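The listed protein sequences derive, respectively, from chains A and B.
Under our numbering, think of the first position of the first sequence as -13, with each following residue one higher.
Under our numbering, think of the first position of the second sequence as 6, with each following residue one higher.
Note that CB positions come from ideal geometry on N, CA and C, so glycine has one too.
None of the values given here were measured: they were computed from a predicted structure.
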Amino acid sequence: MPIDESKIVDAVVQMNPHGNEEGIIDSFGVYLTNHYADYYNKISYRFESAVEEFDTSSLDFLRSLLVMSGHVCGYNTFGGIKKSDAWKGLIAPMCTSKEDEIRGLTAVLNALGWGVWEVKSVSKDKLVIRSKNTYESEGYLKTYGANRKVAGCFLAQGVAISFMNIVYSNAPITENLSENEFEGKETKCRSKGDSYCEFVVTRKGVKKSLFSF
Amino acid sequence: MAKKILFRKLRSKDCFRQCRYIYDFETKVDEEFVKFLESFGQVIVYRDFTIPLVRMDVERKFRLTTLMGSNSIDIFFKETAPKSFESSFDKKLNSFLIH
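This is the structure we're talking about:
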């Protein structure tokens, strides 16, 4: 059967994930917490500004660290979700292909309130995924406006890459972005003035001439 | 329900240093098994799932998930559980499953 996103969202709401006395949400086989998105946004973008002020040559490295943070998050959260009984009971029966698994992970991400994401296309070597309201771009636009020269949804980029590593890797995967089979970039960003954010994830080593960014 | 012959317990530790066990048995989780679990606390069965999910979170004792029809349960015994609780749970589970 095809992925039924509304059924997945309804099921997540029904499970009512909420924190215990320690603030830990134990759901879907992983430990989560509620956090203020704008707090995360502020520390990320202020960190970026501080580095830009003192050492512009380190900016690319800093941004790669923020993307890696997203990958660690995605690897643990969605990797754990995919192994959970909740996945096996609700989403796995809907999946007839790995492409469906990517759509299933995307539905869970939407249900958890990370924005509204949509898979534009997916194959074993490439994913194109979009969002009209990543929480990073929402926070950046609110604080700074659409003035970025470089795309700024670092955590979202890392999570998008983690999806492909989790579903399509041919070898065991790790938290470490550089050790895995997929890489990605944010090709459109609302913080730059685009109307949506778009992430393109590709398998390393596949000829770039096959794809256009 | 089908009779269980034996069960096998696998042990692993998660990052919160709680002991996690996956019990495998030769029988399957069914409504009677759910009734047995209710003797330990509240059981929630998500029946809208394609394969109903069974979930328990017994404060200070354990967290458990399984699926209807499964022949394993995934259980975390919490650090706050009395040390004797785990062996008492084992004993009750054993006695329920072996007829």
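| Query | Result |
| --- | --- |
| Cutoff 7 Å; reference A/V58; Cβ partners in own chain excluding five residues on either side | E161 |
| Status (buried if at least 16 other CB within 10 Å, exposed otherwise) for A/I22 | This sequence places Tyr at residue 22 of chain A; Ile is not what is there. So A/Y22 counts as exposed. |
| Interfacial residues, the stretch 74 to 94 of chain A to chain B, with Cβ spacing under 9 Å | K74, G75, L76, I77, A78, P79 and M80 |
| A/R89, enclosing alpha helix (DSSP H) - first and last residue | K84 to A97 |
| DSSP state of A/S155 mapped onto helix, strand, coil | coil |
| Helix, strand or coil at A/W103 according to DSSP, with G and I counted as helix | strand |
| Nonlocal neighbours in the same chain, by C-beta distance under 7 Å from B/S75, ignoring five residues either side | K33 and V34 |
| Cβ distance (whole Å) where A/F149 is taken to contact A/L113 below 8 Å | 7 Å |
| Cβ-heavy atom distance, B/E37 to the ligand GTP, below 7 Å | Within the structure as shown, the ligand GTP is missing, as the structure has no ligands at all. |
| As assigned by DSSP and simplified to three states, the class of B/I56 | coil |
| Spatial distance of A/V53 from A/K28 (CA atoms) | 16 Å |
| Touch test, the stretch 38 to 57 of chain A against the stretch 132 to 144 of chain A, Cβ-Cβ under 8 Å, three pairs minimum | yes |
| Residues bridged to A/G170 [DSSP beta-bridge criterion] | A/V187 |
| Test item: CB-CB of A/P79 and B/T70 under 8 Å | no |
| Contact set between the stretch 50 to 76 of chain B and chain A, restricted to residues whose Cβ is under 9 Å from the partner | Y51, D53, F54, T55, I56, P57, L58, V59, R60, D62, E64, R68, T70, T71, L72, M73 and S75 |
| Rounded C-alpha distance that separates B/K40 from B/A86 | 22 Å |
| Where B/D79 meets chain A, residues with beta-carbon distance less than 7 Å | D71 |
| Sequence-distant residues of its chain with Cβ nearer than 6 Å to B/F101 (five each side left out) | F41 |
| B/F82 (DSSP reduced to helix, strand or coil) | strand |
| A/A(-3) at chain B interface by Cβ criterion, 8 Å | yes |
| Expected contact under 8 Å - CB spacing of A/I67 and A/V102 to nearest Å | Contact flag wrong, Cβ pair sits at about 18 Å. |
| Within chain B, the residues that A/Q0 reaches when beta carbons sit closer than 8 Å | Y51 and D53 |
| Option in B/G46, B/L72 and B/D53 with minimal Cα separation from B/E64 | B/G46 |
| Alpha-carbon spacing of A/R32 relative to A/N20, whole angstroms | 21 Å |
| Three-way DSSP call (helix, strand, coil) for A/Y22 in this model | coil |
| Reference A/M1, options B/I80, B/Y51 and B/S44, closest by Cα | B/Y51 |
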